[in-house]
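With my numbering applied, the sequence shown has no gaps in its numbers, which climb one by one up to 136 at the end. All C-beta atoms in this analysis are idealised placements derived from N, C-alpha and C, irrespective of residue type, glycine included. From a predicted model like this one, the values you see are computed outputs, not experimental measurements.
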Amino acid sequence: MADEETKVEVAEATEMSIFEAIREVLKKASHHNGLFRGVNEVARAIDKGDAKVCFVADNCELNDYKNLIKALCTEKHVPLVNVTDRLQLGEWAGMCKIDAAGVARNVVKCSSVAISYVDEETQAWKVLSNTLNQS
């Protein structure tokens, strides 16, 4: 009994999708008051140098919004992530109400989001940074 070795199988962590990683990173930044929502706030954050990563929706109302954020990110060397839907980006940024069942209600569309707080120890940030480094 003393010489027996017990083998414990460690379950590998399931790979997180990029969408789950974005949602988790935005949620963590929101909890630490490090989230900028909307074109005006995002442009100011990039200009000041506060933004670590920016997210922009592909289906913005005006292409000028996307062009402005892309130009500022290129100028200040801030990574830019494209998200397909404004509604989804607004939900991830916390611009909604969550009902008792945990379903998002009254979601406000958001064209761009930037984060200034990053918890580099989380798996979500590692997945997101690996994706950013590959592109």
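So, Phe-37 versus Ala-58, is the Cβ gap smaller than 8 Å?
Result no, Cβ atoms of Phe-37 and Ala-58 do not sit closer than 8 Å.
Check whether the Cβ atoms of Ala-125 and Val-26 lie closer than 8 Å to each other.
Their beta carbons are under 8 Å apart, which means Ala-125 touches Val-26 by this criterion.
Alpha-carbon to alpha-carbon, Lys-67 and Asn-60:
Approximately 9 Å between the Cα atoms of the pair.
Three or more C-beta pairs closer than 8 Å, one from the segment 84–94 and one from the segment 106–113: is that the case here?
Counting Cβ pairs under 8 Å, three or more are found: they touch.
Could you check the C-alpha separation between Asp-48 and Leu-73 for me, to the nearest Å?
Looking at the backbone, the Cα of Asp-48 and that of Leu-73 are separated by about 7 Å.
So what's Ala-12 in DSSP terms, helix, strand or just coil?
Bear in mind that the predicted position of Ala-12 carries a pLDDT of just 39, short of 50, making it too unreliable to give a figure here.
Taking only the alpha-carbon atoms, compute the straight-line gap between Glu-13 and Ile-70 and give it to the nearest angstrom.
Bear in mind that a pLDDT of 42 at Glu-13, under 50, signals an unreliable position, so the model cannot answer this.
N- and C-terminal bounds of the alpha helix (DSSP H) containing Ala-46
That run of the alpha helix (DSSP H) goes 40–49.
Cβ of Val-54 within 8 Å of Cβ of Val-84?
Against a cut-off of 8 Å, the Cβ pair of Val-84 and Val-54 comes out as no contact.
With 16 other Cβ atoms within 10 Å as the buried cut-off, status of Leu-129
Leu-129 is buried by the Cβ-count criterion.
How about Gly-95 and Ser-18: do their beta carbons lie closer than 8 Å?
Their beta carbons are not under 8 Å apart, which means Gly-95 does not touch Ser-18 by this criterion.
Can you tell me whether DSSP reads Leu-63 as helix, strand or coil?
DSSP places Leu-63 in coil when its eight states are reduced to three.
Can you give me the start and stop residues for the beta strand (DSSP E) that Ala-102 sits inside?
Counting along the chain, Ala-102 falls outside any beta strand (DSSP E), and DSSP gives it neither H nor E.
Going by the beta-carbon positions, is the gap between Val-43 and Ala-115 smaller than 8 Å?
In contact: Val-43 and Ala-115 (Cβ atoms closer than 8 Å).
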